[in-house]
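Trainee: One structure, as structure tokens, below. Some questions next.
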Amino acid sequence: MTGTNVGSNNAKTYAFLRSIPIFAPLTDEQLANLMEIIEEKKFFRNNVILWEEDTQKYMYIVSSGKVKVIQTSEDGKEHIIAIHKKGEFFGEMAILDGKTAPATVIAMEDSVIQLIARETFEKFLLQNEKVMTQVISMLCHRLRESWLMLKVMSFSSAEQRVRAVLDQLGKLNGIRDERGIIIALKLMHKDIAGYANVSRETVTRLLNRFAKESKIEILDNKYILLKEQR
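Each residue of the sequence shown is one higher than the last, beginning at 1 in the numbering used here.
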């Protein structure tokens, strides 16, 4: 794992952690004690945050930025399993069952990550019934995400998979306005290709076609608007 240790503003960190559902049941004293031993690191874009063999050591919380969870095929092709943004966490499953996950996590943009060591997780969180209820709820959410991604991969054509990925990202990260649903992620074509398991060139061709057909709109060269008539 690479990364640079960074300092943090206690009040800002406290407010951030308190806003995350799994920490809400902790008392002020418990949260303050947790803050004293939590690690914080900065990862630059494309830095590897963790490899498979690291996943039993920490739970990771995205304090800022965005990361992707990927698997790499034998021919070197990258397949995105999930994207985590500010306020989301990962790595808790490996801590709970002691097994590694066959995935690598990479920073999609400059990101700050809070790291909670396994011993700290067991001391502050595992013993709290309300915290574990929140963790179980998140695991159920992840399972539903996995089911939806399996549905994406079940489609035979590239167009169907790209459409399904856009719909899925709209459900997970969408912001609705009068025009439709804005996918609130800065996605590169290769990111969508990694989700849909198609080439970047195919994604570019399809997105250009969808835009010409007024099914989507690219906003500020960053965000994708899924128009209502879709």
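Here a beta-carbon is modelled for each residue, glycine too, at the ideal position from N, C-alpha and C.
F90 bridges to which residues according to DSSP?
Mentor: Residue mapping note: residue 90 aligns to position 90 of the sequence shown, counting from 1. In DSSP, F90 forms a bridge with Y60.
Trainee: With a CB to CB cut of under 6 Å and the five nearest residues on each side skipped, what residues in its chain are close to L207?
Mentor: To locate residue 207, count along the sequence shown from 1; it is residue 207. Once the five neighbours on either side are set aside, L207 has no close Cβ partner at all.
Trainee: Which same chain residues end up closer than 8 Å to E88 when comparing Cβ atoms and leaving out the 5 residues on each side of it in sequence?
Mentor: Taking the first residue of the sequence shown as position 1, residue 88 is located at position 88. The residues are I61 and V62.
Trainee: On the DSSP letters alone, give me the boundaries of the alpha helix (DSSP H) that Q71 sits inside.
Mentor: To locate residue 71, count along the sequence shown from 1; it is residue 71. Per DSSP, Q71 belongs to no alpha helix (DSSP H); it is in the beta strand (DSSP E), K66 to T72.
Trainee: For T202, report the span of its alpha helix (DSSP H) as first-last.
Mentor: For this step, residue 202 is matched to residue 202 along the sequence shown. R200 to K212 is the extent of the alpha helix (DSSP H) around T202.
Trainee: Please work out which residues of its chain come closer than 6 Å, Cβ to Cβ, to L34, disregarding the five sequence neighbours upstream and downstream, and give them in chain order.
Mentor: Indexing the sequence shown from 1 puts residue 34 at position 34. F124, listed in sequence order.
Trainee: Leaving aside the five residues before and after R230 along the sequence, list all residues of the same chain whose C-beta is less than 6 Å from its C-beta, in chain order.
Mentor: To locate residue 230, count along the sequence shown from 1; it is residue 230. Note that R230 has pLDDT 48, beneath the 50 cutoff, so the model's placement of it is unreliable and the number below is only indicative. Excluding positions up to five away in sequence, the list reads K215.
Trainee: What first and last residue would you give for the alpha helix (DSSP H) that runs through A193?
Mentor: Taking the first residue of the sequence shown as 1, we reach residue 193 at position 193. Element bounds for A193: H189 to A196.
Trainee: Pick helix, strand or coil for E122, following the three-state DSSP scheme.
Mentor: In the sequence shown, residue 122 corresponds to position 122, counting from 1. Residue state, collapsed to three classes: helix.
Trainee: Within a Cβ cutoff of 6 Å, which residues of the same chain sit near R200, ignoring the five residues on either side of it in sequence?
Mentor: By 1-based counting over the sequence shown, the position of residue 200 is 200. H189, K190 and A193.
Trainee: Do you know offhand how far V252's Cα is from V165's?
Mentor: With the chain running from 1 to 230 in the structure shown, residue 252 is simply not present.
Trainee: Under the criterion of a Cβ to heavy atom distance below 7 Å, does H84 qualify as lining the ligand SAH?
Mentor: Only the bare structure without any ligand can be found here, which leaves the ligand SAH out of the picture.
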